[in-house]
Amino acid sequence: MPAVLVLLLSGTWLLSGALVTGTDPLIVAVGRTAVCCLVLTVVAASSTSGRADLRRAAARPATVWLLGLLGFAGYAAGTLLAIPRIGTSLTNLVVALMPCASVAVGALFFGERSGPRKAAGAALACAAAAGYAALGADAGDLDAIGLLLVAAATVAFAVYGFLYRNRLSGLPPLAVLPVLLAAATCLLLPMSLPALIAHPPTLAATGGIVVLGAVVYAPAYLVQHRLILLRGPVFTAAVQLAVPFTVRLGDWALDTAPAPSLAELLLLAVCCAGIALVTVRPVRSSEPVASEG
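Quick note on the numbering used here: the sequence shown kicks off at 323 and runs consecutively.
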């Protein structure tokens, strides 16, 4: 499941990066969110139990609007508005700091201690990601507003992961996600409306947005939220650290960037070691208890 999540999220970044070069980022954000909402709603509503779960999720409006803002509307707007300013790779690398943000948010606001092993692993993996950014692998120019946007989006999603697990863990992701995405669409639409009126997307861009929301984001969200419930926000965020390196390899495969350098490959290895410290459970040896006789 973690490997599937990395591949799906890498696809979202590659396709989003291509779309925002010719389409307003907010149009991409609201389009992919609305399409993903529609697809997951149809799937969830196809069964009696799914419809009942949808109603249960919608019966918590305060939680729905808050999580829709933090995890979807705010996160999508922040990251997609940052891409034209600082580029796809650097945006993704700031997002890759989420494990450290999750460790801090969990300790400060949710009373969750990750332990020295996980904290060290998150710090090591994030340091590798920062080193990767320092190599100048991305062609985008540094921009303070772009960095602030993606940093705010990263912290917002770190908070979202803990709130989602604490407040909606009793419902399956397939029931929760359509409701949250509907709220996010309502929040994003007013922001994107001026761009939609002034510069509506082309037919090709519209098709790309549909593919992004239905084929890539829908399964990615389901896997991501399943992992949050099963292993927690810090684990999920650590797994996602592999995404920027996968995006880098994808850019190389698509011939939009040169082959990774030795330094990049070494940083990838360090990042993987950090991820392993967070995600791999240590084996505890149990000694047999001698029977008294």
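Note that beta-carbon positions come from the ideal geometry of N, C-alpha and C, so glycine has one too.
Going by beta carbons, A379 and A497 fall inside the 8 angstroms limit. Relative to V416, the option among G468, L446 and F432 whose CA is nearest is G468. With a cutoff of 8 angstroms on beta-carbon distance, A447 and V425 are scored as not near each other. Under the Cβ criterion (8 angstroms, minimum of three pairs), the stretch 344-362 counts as touching the stretch 497-506. Remark: fewer than three beta-carbon pairs, one from each stretch, lie closer than 8 angstroms, so the stretch 528-535 and the stretch 557-574 are not flagged as touching. Here the alpha carbons of Y486 and C508 stand approximately 19 angstroms from one another.
Collapsing the DSSP output to three states places A579 in coil. Counting along the chain, Q562 sits inside no alpha helix (DSSP H), nor does DSSP assign it H or E at all.
Looking at the backbone, the Cα of V477 and that of A423 are separated by about 6 angstroms. Restricted to the stretch 475-529, the alpha helix (DSSP H) segments that are unbroken, complete and at least 4 residues in length are 495-520, listed in chain order.
Take the alpha-carbon of S371 and the one of K440: they are about 37 angstroms apart.
When DSSP states are grouped into helix, strand and coil, T370 belongs to the helix group. Here G492 is exposed. Its C-beta has fewer than 16 other C-beta atoms within 10 Å.
Judged by DSSP secondary structure, A598 falls within the alpha helix (DSSP H) whose first and last residues are L584 to T601.
Measuring C-alpha to C-alpha distances from V361 to each of A559, V537, G437 and F394 identifies V537 as the nearest.
Uninterrupted beta strand (DSSP E) stretches at least 3 residues long and entirely within the stretch 349-397 do not occur. The three-state secondary structure of R435, taken from DSSP, is coil.
In this structure, DSSP gives G554 a state outside helix and strand, which the three-state scheme calls coil. Three or more Cβ pairs closer than 8 angstroms define a contact, and the stretch 584-597 falls short of that threshold against the stretch 343-353. Residue burial is scored here from C-beta neighbours: T524 has fewer than 16 other C-beta atoms within 10 angstroms and is therefore classed as exposed. With a 10 Å radius around the Cβ and a threshold of 16 neighbouring Cβ atoms, M323 comes out exposed. Between G396 and A452, the CB-CB gap reaches or exceeds 8 angstroms. In the three-state reduction of the DSSP assignment, A418 falls in the coil class, being assigned neither a helical nor a strand state. Ranked by how close their Cα comes to the Cα of V326, the residues A540, D573 and N414 have A540 in first place.
In the three-state DSSP reduction, V538 falls in the helix class (H, G or I).
In the structure shown, G428 falls within a helical segment according to DSSP collapsed to helix, strand and coil. Nearest to V556 by C-alpha distance, out of L515, G535 and S436, is S436. The shortest C-alpha to C-alpha distance from V365 to any of A517, V600, C593 and L499 is the one to L499.
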